[in-house]
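Under this note's numbering, think of the first position of the sequence shown as 1, with each following residue one higher.
Built from N, CA and C at the ideal position, the CB exists for glycine as well.
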Amino acid sequence: MNYKRNILITGGAGFIGSHVVRLFVSKYPEYRIVNLDKLTYAGNLANLKDIENAPNYEFVKADICDFETVCGIFQKYGIDGVIHLAAESHVDRSIKDPFTFARTNVLGTLSMLQAAKHCWNGDWDGKLFYHISTDEVYGALELTRPEGVPSDISAHMVYGDEFFRETTRYSPHSPYSASKASSDHFVRAFHDTYGMPVIVTNCSNNYGPYQFPEKLIPLFINNIRHRKPLPVYGRGENVRDWLYVEDHARAIDLIFHEGKVADTYNIGGFNEWKNIDLIKVIIKTTDRILGNPEGYSDGLITFVTDRAGHDLRYAIDATKLHRELGWSPSLQFEEGIDKTVRWYLDNQEWMDNITSGAYEKYYEDMYGNR
Ligand code: NAD
Ligand code: DAU
C-alpha cells in the first residue's frame, strides 16, 4: 500500500509515546506509523495492545543511538516525518546515573538528527523533525503567591507571578533537564546550520494511563492500594503544572500538522498544584473509589528527604499555542484525576507485571524498599 505519509515515532512504547502512537494509528489510516523503541525498563508493548495489529502500524526494537540502524529504518520505510519522544525521563534516575541521560537524550537525539540529515539529503520538502521536550529546561520559578490564588488567566490556582514562555531563557538544574536542554539546542542547530525543518515543544507534567509507576501519580495510587508509605519529598511544597496525557497527544497532532517550522510552542494546562495538595486529592479519590472511609489512607503520607536540586515551581504559559493554533486542554483536572485513578485500579495486571519479580528487585536496588 502507498501511504500518504511515513512517520517515525520514537519512544512509542513509553507513557506519552504510546498515546501519540495510538492517536496517529487510529486517526490516520492513510499514514504508516513506525514505532522505534529500545524497550528500556520504561518501554512496555502492553501499552499498545489495542492497536498492535493495525495494518498501518509497525514496531521496530532499536536504539536511537545506533545511527546505522536508524538510517536503515528511514530508508526501509521512506520516513518523511519524525516525532521524537524517546528519552530517559525520570529526574531521580538522572541524579543517580547522569551518564545514561547524556547518552540517550543528547547523543541519541544527535544520532536521530544525523540520520534524518543523511537520509533526507538536503531535500527538505514535506519533511519534519518534531522534537518533544519539557518545561524543565527553563529551570524553576518562584512561589510568590504561597497560598495559591486564582489569577486573571483562568479560574485555576496560580502560585506565582511568572510563567515559562517560549522566550524564557534556558536554565536547567537536574542532569535530566540539562540533557533535554542540550538536545533542544542540537535540534535548533540542525535547522540553523543545515536548514532542516524542525519544531520543538516544551510541555508540563503529564498524567494519565500507562505512566510508569516511578512517577508520582501512578506510584502513589499503587501504594495506597497496597497500604504502602507515600514518600513526599521535602514538605510537599513544590508546585507542578499538570496536563492530561491525551491533551498533550492532541497538541502534538495539531502542531505536527499545523505548527510553524523552526518555531517553539509551550504546552500546558494552567493547572498548578502543590504536591501535598495534589497528593491529598489522589488519596481522597483513591479511597472513594476503593470504598474506604474518608481519611482512611491519610496516615500513609511520609515526609522523606527532599530530591537534590528540587525545582520549586513549574508553570507553563500556553497562550501562544492557544492563540496561533486554537489548542486548549479538553479535560478538567477533577475529571482527569478520577479517570486516571480508575484506570490504574482497573488495570492491576498491567501494574503488577511491572512491579513484580525482577523489576521489583531492580527498583529496590535503585530506590530502597518503599
Ligand atoms: P517514558 O520514560 O515513559 O518513555 C520513554 C520511552 O523511550 C520508553 O518506551 C523507552 O523504552 C524509550 N527509550 C529510552 N531510551 C531509548 C533509546 N536509547 N532508544 C530507543 N528508545 C528508547 O517517557 P515519557 O514520560 O513518555 O516521556 C516521553 C518524552 O516526553 C520524553 O522525551 C520526555 O522528556 C518528554 N516529556 C515528558 C513529560 C512527562 O510529564 N512525562 C513532560 C514533558 C516532556
Ligand atoms: O515537567 C515535566 C516533567 O515532569 C517531565 O519532563 C519528566 O519527564 C517527568 O518525569 C516529570 O518530572 P517530575 O520530576 O516533575 O515528575 P515526578 O512524577 O517524578 O515528580 C512530581 C513531583 O512530585 C516532584 O516535585 C517530585 C515529587 N515527588 C515525586 C516522587 C516520585 C515526591 O514528592 N515523591 C515521589 O515519590
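Going by C-alpha to C-alpha distance, which of the options sits closest to residue i?
{"i": "K117", "options": "Y194, R307, G72 and N266", "result": "Y194"}
{"i": "F371", "options": "A262, N205 and G236", "result": "Nothing can be reported for residue 371, as the shown portion of the chain is limited to 1 through 370."}
{"i": "F333", "options": "T319, E324, I282 and Q75", "result": "I282"}
{"i": "R250", "options": "S18, H90 and G236", "result": "S18"}
{"i": "P146", "options": "Y159, D135 and D37", "result": "Y159"}
{"i": "N56", "options": "R5, E88, I64 and E68", "result": "R5"}
{"i": "I301", "options": "N275, S183 and N347", "result": "N275"}
{"i": "T201", "options": "R188, Y207 and G208", "result": "R188"}
{"i": "D247", "options": "V20, I9 and G14", "result": "V20"}
{"i": "V70", "options": "R227, K284, L331 and K38", "result": "K38"}
{"i": "D277", "options": "K260, R240, E258 and T168", "result": "R240"}
Within its chain, find whatever has a CB closer than 6 Å to the CB of residue i; leave out the 5 residues flanking it on each side and keep chain order.
{"i": "S179", "result": "F101, A102, N105 and V106"}
{"i": "E162", "result": "L141"}
{"i": "S94", "result": "F101, S174, P175 and Y176"}
Is residue i a contact residue of the ligand NAD, with contact defined as CB to any heavy atom under 7 Å?
{"i": "L85", "result": "yes"}
{"i": "L143", "result": "no"}
{"i": "T10", "result": "yes"}
{"i": "G299", "result": "no"}
{"i": "I255", "result": "no"}
{"i": "E338", "result": "Here the sequence assigns Asp to residue 338, which means Glu is not the residue at that position. No, the Cβ of D338 stays beyond 7 Å of every heavy atom of the ligand NAD."}
{"i": "A386", "result": "Since the first residue shown for the chain is 1 and the last is 370, residue 386 is missing from the structure and cannot be characterised."}
{"i": "C71", "result": "no"}
{"i": "G17", "result": "yes"}
{"i": "L321", "result": "no"}
{"i": "I64", "result": "yes"}
Along the chain, where does the beta strand (DSSP E) containing residue i start, and where does it finish?
{"i": "W242", "result": "V239 to Y244"}
{"i": "V34", "result": "Y31 to D37"}
{"i": "N353", "result": "Not the beta strand (DSSP E): N353 falls in the alpha helix (DSSP H), residues Q348 to T355."}
{"i": "N223", "result": "It is not in any beta strand (DSSP E) - N223 instead sits in the alpha helix (DSSP H) that spans L216 to R225."}
{"i": "R5", "result": "R5 to T10"}
{"i": "I16", "result": "From DSSP, I16 is part of no beta strand (DSSP E) but of the alpha helix (DSSP H) over F15 to K27."}
{"i": "P231", "result": "L230 to Y233"}
What residues in its chain sit with their C-beta under 7 Å from that of residue i, if we drop five residues either side in the sequence?
{"i": "L219", "result": "P213"}
{"i": "Y170", "result": "V137, Y138 and A181"}
{"i": "S328", "result": "H322"}
{"i": "G357", "result": "With a pLDDT of only 47 at G357, under 50, the local geometry of the prediction cannot be trusted, and the value read off the model is given with reservation. No residues qualify anywhere along the chain."}
{"i": "Y31", "result": "Y3, K4, R5, I7, F24 and N56"}
{"i": "G368", "result": "Its pLDDT being 49, under 50, G368 is placed unreliably in this model, and the coordinates cannot settle the point."}
Please list, in chain order, all residues of the same chain as residue i whose beta carbon is under 8 Å from its beta carbon, the five residues on each side excluded.
{"i": "M351", "result": "P213, P218, N222 and Y344"}
Where do the N-terminal and C-terminal ends of the alpha helix (DSSP H) with residue i fall, by residue?
{"i": "F129", "result": "From DSSP, F129 is part of no alpha helix (DSSP H) but of the beta strand (DSSP E) over L128 to T134."}
{"i": "V70", "result": "F67 to Y77"}
Problem set entry | By C-beta, the residues closer than 6 Å to any heavy atom of the ligand DAU, given in chain order | S89, H90, V91, T134, D135, E136, S204, N205, K215, L216, L219, P231, V232, Y233, N238, R240, N275, R307 and Y314
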